[in-house]
Amino acid sequence: MLTTADILKKVKELEIKSKKLTRHLFTGEYHSAFKGKGMSFKEVREYHPGDDVRFIDWNVSARFNTPFSKMFEEERELTMMLLVDISASSLFGTVHARKKDLVTEIGAVLSFSAISNNDKVGAVLFSDGIEKYIPPKKGRDHGLFIVRELLTLEGKRKGTDITQALRYLNNTTRQRCIVFVLSDFLDPAFSDALRVAGKKHDVIGIKVYDPMDMKLPDIGIMETEDAETGKVLLIDTSDYFVRKTHEDAFFQHTEWCKQVFLRAGCDLLHIATREDYVKVLQKFFIGRS
13 MLTTADILKK VKELEIKSKK LTRHLFTGEY HSAFKGKGMS FKEVREYHPG
63 DDVRFIDWNV SARFNTPFSK MFEEERELTM MLLVDISASS LFGTVHARKK
113 DLVTEIGAVL SFSAISNNDK VGAVLFSDGI EKYIPPKKGR DHGLFIVREL
163 LTLEGKRKGT DITQALRYLN NTTRQRCIVF VLSDFLDPAF SDALRVAGKK
213 HDVIGIKVYD PMDMKLPDIG IMETEDAETG KVLLIDTSDY FVRKTHEDAF
263 FQHTEWCKQV FLRAGCDLLH IATREDYVKV LQKFFIGRS
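Going by my numbering, the first residue of the sequence shown is number 13, and it counts up by one from there.
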């Protein structure tokens, strides 16, 4: 159990690391990936050579008998929402870190990326129920509060209900948001809710997994427990068929998740707990620019 001193120390470490990454790696990429997606009408002025002819206001032009162009400005302020899965399966980890630790660090980096761009950031922490809602705000103190909650909040329930989290998001946020869903997506039925959320928001899934979710080690008889259902199983990992079945199930689930996000018009990233998440995020941001 973390003491208050441990929590404060860890929050400070995450702030320093996040700010460093944001300053050196993500500021430009974040800005390019998400800014300028929304344009709001500003004014009409006389046409200047070089203006985009698609934005000529023909009604005003006809009235004054000279061409006028519609001018737009970038909608500067954005809102980022983090939907964070804190179900029991997030506590699993066999190398470097648990899934929860990786999710917390990614959440911290995304929060400070938004805050450094003067955007609002909020969070919905969920299991198979809504565990905590943090309304979006600006500022360092708010970012630190989100990181502290990501670090310390433990789910009262063990399961995963992504549909409920997405519906809660839609019901609590009126404006369009950038939404990062951080989960291992061990939920068989969230495709309809994702499709609805994807029409309203810019949704990006970050599927976090442990190497053992994909591959079992060849170590003989192993007792396993499903963190969310409590079901205990003895499996013979020295049996090739057992290992192959486990691996096939992982890739089937991965492919299913890809298709769900694709059909909803949303992006999905895959990050292993032993992987450099910075490179994955940066590549994604640059790819969107």
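Idealized CB from N, CA, C, for every residue including glycine.
H282: first and last residue of the uninterrupted beta strand (DSSP E) it sits in: Within the sequence shown, residue 282 is the residue found at index 270, counting from 1. For H282, the enclosing beta strand (DSSP E) stretches over residues D279 to A284.
Boundaries (first-last residue) of the beta strand (DSSP E) holding V220: In the sequence shown, counting from the first residue as 1, residue 220 sits at position 208. That run of the beta strand (DSSP E) goes D214 to Y221.
Residue from Y145, F80 and L163 whose Cα sits closest to the Cα of N183: As a position in the sequence shown, residue 183 is number 171, starting the count at 1. Of the candidates Y145, F80 and L163, the one whose C-alpha sits nearest the C-alpha of N183 is Y145.
Neighbourhood of T246 by C-beta, 7 angstroms cutoff - its chain only, sequence neighbours within 5 removed: Translated into positions along the sequence shown, residue 246 becomes position 234. Note that residue 246 corresponds to Leu in the displayed sequence, not to Thr. Only I233 and E235 meet the Cβ criterion.
Pick from F296, A284 and K291 that is closest to D355, judged by C-alpha positions: No answer is possible for residue 355: the residues shown for the chain start at 13 and end at 301.
Beta-carbon contacts of K168 that lie in its chain and below 8 angstroms, excluding the five residues immediately before and after: Taking the first residue of the sequence shown as 1, we reach residue 168 at position 156. Correct list, in chain order: S139, G141 and E143.
Unbroken alpha helix (DSSP H) run spanning A74, endpoints: As a position in the sequence shown, residue 74 is number 62, starting the count at 1. For A74, the enclosing alpha helix (DSSP H) has its first and last residue at W70 to F76.
Cβ neighbour criterion (16 or more within 10 Å) applied to N129: Counted from its first residue, the sequence shown places residue 129 at position 117. Its Cβ being crowded by 16 or more others within 10 Å, N129 is buried.
Span separating the alpha-carbon of A126 from that of T91: For the purposes of this step, residue 126 is taken as residue 114 along the sequence shown, with counting starting at 1. For the purposes of this step, residue 91 is taken as residue 79 along the sequence shown, with counting starting at 1. Taking the straight line joining both Cα atoms gives about 8 angstroms.
Inter-stretch contact (C-beta, 8 angstroms, three-pair minimum) for the segment 144–164 and the segment 20–38: Flag = yes, the segment 144–164 and the segment 20–38 touch.
Proximity of V191 and M93 at Cβ, strictly below 8 angstroms: What you label residue 191 is simply residue 179 of the sequence shown in a count that begins at 1. What you label residue 93 is simply residue 81 of the sequence shown in a count that begins at 1. Taking 8 angstroms as the Cβ cut-off, V191 and M93 qualify as a contacting pair.
Cβ neighbours of P147 in the same chain (closer than 7 angstroms, five flanking residues each side left out): In the sequence shown, the residue the question calls residue 147 occupies position 135. So the list reads G134, once near-sequence residues are dropped.
Close beta carbons around D69, own chain, < 6 angstroms, minus the five adjacent residues each side: As a working note, residue 69 is residue 57 in the sequence shown. Within the same chain, V56, F80 and K82 come within 6 angstroms of D69 by CB-CB distance, once the 5 residues on both sides are set aside.
Runs of beta strand (DSSP E) wholly within the segment 102–164 (minimum 3 residues, chain order): List check, beta strand (DSSP E) in window: 132–138 and 142–149.
First and last residue of the uninterrupted alpha helix (DSSP H) at D97: On the sequence shown, residue 97 is found 85 positions in, with the first residue counted as 1. No alpha helix (DSSP H) holds D97; the beta strand (DSSP E) holding it covers T91 to D97.
Close-in-space but distant-in-sequence residues of the same chain around D131 (CB under 8 angstroms, 5 per side omitted): By 1-based counting over the sequence shown, the position of residue 131 is 119. Result list for D131: E89, L90, T91, M92 and K150, in chain order.
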